[in-house]
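Novice: One structure follows; several queries about it will come next.
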Amino acid sequence: MFNLIKDLLKDNDHVLVTFINGQSREIKEIDQLPDNTNIFKSTDTADYEVYFRETNIVTIVPEAKPTQIDPLI
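For what it's worth, this note's numbering labels the leading residue of the sequence shown as 3, then goes sequentially.
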């Protein structure tokens, strides 16, 4: 799963990852923890660090265009 996300990020601005609890995050960078390869350390499009397990992923959707964040909201 890690390699799939990493490959998708080469050609896309970010990927939308949906988790088993129904939440989703737009991931723009991903890495594995050196001592536990089942846990991914990532950065979302809002520059927050997100840690998650591979087993919590339900879907991965590549998104080529950057997210437009409205600064007035």
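Yeah, the Cβ is synthetic: ideal placement off N, Cα and C, and Gly gets one too.
Once DSSP output is grouped into helix, strand and coil, what is the label at residue 47?
Specialist: As a position in the sequence shown, residue 47 is number 45, starting the count at 1. Residue 47: coil per DSSP, three-state reduction.
Novice: So, using beta-carbon positions, are residue 62 and residue 11 closer together than 8 Å?
Specialist: Counted from its first residue, the sequence shown places residue 62 at position 60. Counted from its first residue, the sequence shown places residue 11 at position 9. No, they are not a contact pair.
Novice: Assuming residue 65 contacts residue 17 under a Cβ cut-off of 8 Å, what Cβ separation, rounded to an integer in Å, is found between them?
Specialist: Along the sequence shown, read from residue 1 onward, the residue named residue 65 stands at position 63. Along the sequence shown, read from residue 1 onward, the residue named residue 17 stands at position 15. Rounded, the Cβ-Cβ distance is 7 Å, consistent with contact.
Novice: Select from 60, 7 and 55 the residue whose C-alpha is nearest the C-alpha of residue 38.
Specialist: The count along the sequence shown starts at 1 and reaches residue 38 at position 36. Of 60, 7 and 55, the residue nearest in Cα terms is 55.
Novice: Would a C-beta distance cut-off of 8 Å place residue 4 and residue 60 closer than the cut-off?
Specialist: For the purposes of this step, residue 4 is taken as residue 2 along the sequence shown, with counting starting at 1. For the purposes of this step, residue 60 is taken as residue 58 along the sequence shown, with counting starting at 1. Taking 8 Å as the Cβ cut-off, residue 4 and residue 60 do not qualify as a contacting pair.
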